[in-house]
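Protein chains: 2
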Amino acid sequence: MALSVALTFPIELKKIASMQLGELEKLVLQYLWQHQTGDAKQVYAHFEKTRGGTLNTIQSTLDRLFKKDLLARRKQGHAYIYSAKIGREALIAQLIENVTSDFVEHSEHSLVAAFSSVSAKMTEQQLDQLEAIINQQRAQRNNQESE
Amino acid sequence: MALSVALTFPIELKKIASMQLGELEKLVLQYLWQHQTGDAKQVYAHFEKTRGGTLNTIQSTLDRLFKKDLLARRKQGHAYIYSAKIGREALIAQLIENVTSDFVEHSEHSLVAAFSSVSAKMTEQQLDQLEAIINQQRAQRNNQESE
DNA sequence: AGATAAAACCGACAGGCAATCGGTTTTATC
DNA sequence: GATAAAACCGATTGCCTGTCGGTTTTATCT
Chain A
5 MALSVALTFP IELKKIASMQ LGELEKLVLQ YLWQHQTGDA KQVYAHFEKT RGGTLNTIQS
65 TLDRLFKKDL LARRKQGHAY IYSAKIGREA LIAQLIENVT SDFVEHSEHS LVAAFSSVSA
125 KMTEQQLDQL EAIINQQRAQ RNNQESE
Chain B
5 MALSVALTFP IELKKIASMQ LGELEKLVLQ YLWQHQTGDA KQVYAHFEKT RGGTLNTIQS
65 TLDRLFKKDL LARRKQGHAY IYSAKIGREA LIAQLIENVT SDFVEHSEHS LVAAFSSVSA
125 KMTEQQLDQL EAIINQQRAQ RNNQESE
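Sequences listed follow chains A and B, in order.
Residue numbering for the first sequence follows my numbering, beginning at 5 and increasing consecutively.
Residue numbering for the second sequence follows my numbering, beginning at 5 and increasing consecutively.
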């Protein structure tokens with residue numbers, strides 16, 4: 005006799021931490037890019053006036069960013085001194101990568117694909133800038149190969 | 005007598021619908037880019053085998069995408085026929101804008117910033133590709149201005 | 001027009017994440 | 001070892017996606 009089995013998928017989702025950044029997290033990152041380092045108290049002092057909240061909230065946010073590997077920390081006295089582990093440009097690159105990777109083929113670099121989507125909206129200055137970066141990169145490679 | 009008032013900020017958050025896309029939403033978008041149009045039943049038929057779920061789930065997702073203004077729809081018989089209202093490239097551009105706008109100055113373009121940190125990791129082919137797109141874009145502009 | 005079936009619509013719930021903050025534990029320092 | 005500072009823990013809120021059952025609407029058929 006045939007045994008019939010209900011074959012359902014668990015529909016598992018969520019694999020990669022695509023690293024969404026909250027509003028406060030972004031602000032804190034920007035603070036650290038500007039000031040190099042800061043402990044919770046310093047960061048709190050900076051945001052207290054402009055947006056309220058408590059020291060604890062800042063601490064949580066710093067910790068969350070640390071766990072996301074976006075900040076480094078070292079202990080000094082009682083407190084951790086935090087600093088950005090990733091630069092602004094690199095973070096932008098990673099965010100773009102995250103948000104576009106599902107829409108680009110494996111063969112192409114997501115930034116290149118992204119660029120072809122956006123180039124029409126760029127100014128001539130920005131195009132020039134980009135070209136300058138490209139040429140600079142090429143020059144660097146020629147240098148290296150002749151060493 | 006002086007009246008002292010506790011002046012606290014409500015700390016309001018969330019203003020702009022920054023439009024985060026869920027996993028299923030991305031899949032549905034890709035389906036519609038490939039097939040041009042589809043009603044809930046068709047989309048469901050396509051995903052039923054590969055990921056399970058119910059027709060209702062697909063319907064909800066189509067509706068959410070519609071409300072996000074990413075899909076258009078027209079009634080045909082009982083059902084809505086959906087189609088993408090935004091192209092793949094335009095969506096990529098918008099996603100990049102959303103995710104990076106908090107980090108870039110108005111004058112600069114997020115992609116330029118991103119490239120400056122990633123260029124070292126790109127292959128020569130990709131650099132060439134990029135340059136080709138730049139030149140193509142410039143050519144297009146020269147064309148337009150002479151019309 | 002009224003019955004019928006199809007699809008939309010509504011509401012609820014689970015799971016995840018950022019923000020928030022009170023309270024407890026850890027720990028550097030005196 | 002006492003003390004105060006900061007980390008840590010846990011709970012709560014709000015928002016979003018995915019999920020789906022059940023009800024209402026509606027196009028169509030007789």
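For glycine and all other residues, C-beta sits at the position ideal for the given N, C-alpha and C.
These numbers come from a predicted model, not from an experiment.
Simplified DSSP assignment, three categories, for residue i
i: A:Ser121; result: helix
i: B:Thr127; result: coil
i: B:Thr54; result: helix
i: A:Arg142; result: helix
i: A:Asn147; result: helix
CB contact below 8 Å: residue i versus chain B
i: A:Ala49; result: no
i: A:Lys79; result: no
i: A:Gln24; result: yes
i: A:Lys1; result: What is shown of chain A runs 5 to 151, which leaves residue 1 of chain A out entirely.
i: A:Glu151; result: no
Spatial distance of residue i from residue j (CA atoms)
i: B:Lys125; j: A:Glu101; result: 13 Å
i: B:Thr61; j: A:Ser120; result: 33 Å
i: A:Val108; j: A:Lys53; result: 43 Å
i: B:Gln63; j: B:Ala44; result: 6 Å
i: B:Val122; j: A:Ala97; result: 7 Å
i: B:Gln144; j: A:Asp132; result: 15 Å
i: A:Gln148; j: B:Lys30; result: 42 Å
i: A:Trp37; j: A:Ala136; result: 25 Å
i: B:Ile138; j: A:Gln140; result: 16 Å
i: B:Ser114; j: A:Thr58; result: 32 Å
i: A:Thr104; j: A:Leu74; result: 20 Å
i: A:Gln46; j: B:Leu99; result: 33 Å
i: A:Thr65; j: B:Lys72; result: 29 Å
i: A:Arg77; j: A:Gly91; result: 15 Å
i: B:Ala49; j: B:Met23; result: 27 Å
i: A:Leu69; j: B:Glu151; result: 52 Å
i: B:Glu93; j: A:Gln80; result: 48 Å
Minimum Cβ-Cβ distance from residue i to chain A less than 8 Å
i: B:Leu99; result: yes
i: B:Gln130; result: yes
i: B:Ala94; result: yes
i: B:Thr65; result: no
Against chain A, which members of the region 133-146 of chain B pass a CB distance test of less than 7 Å? Gln133, Leu134, Glu135, Ile137, Ile138, Gln141 and Arg142
What beta strand (DSSP E) runs, 3 residues minimum, are completely inside the region 61-124 of chain B? Counting only runs of 3 or more, we get 75-80 and 83-88.
Of all the residues that make up the region 29-58 of chain A, which are near chain B by a beta-carbon distance shorter than 7 Å? Lys30, Arg55, Gly56 and Gly57
Just by C-beta distance, which residues in the region 107-125 of chain B are closer than 8 Å to chain A? Phe107, Val108, Glu112, His113, Ser114, Leu115, Val116, Ala117, Ala118, Phe119, Ser120, Ser121, Val122, Ser123 and Ala124
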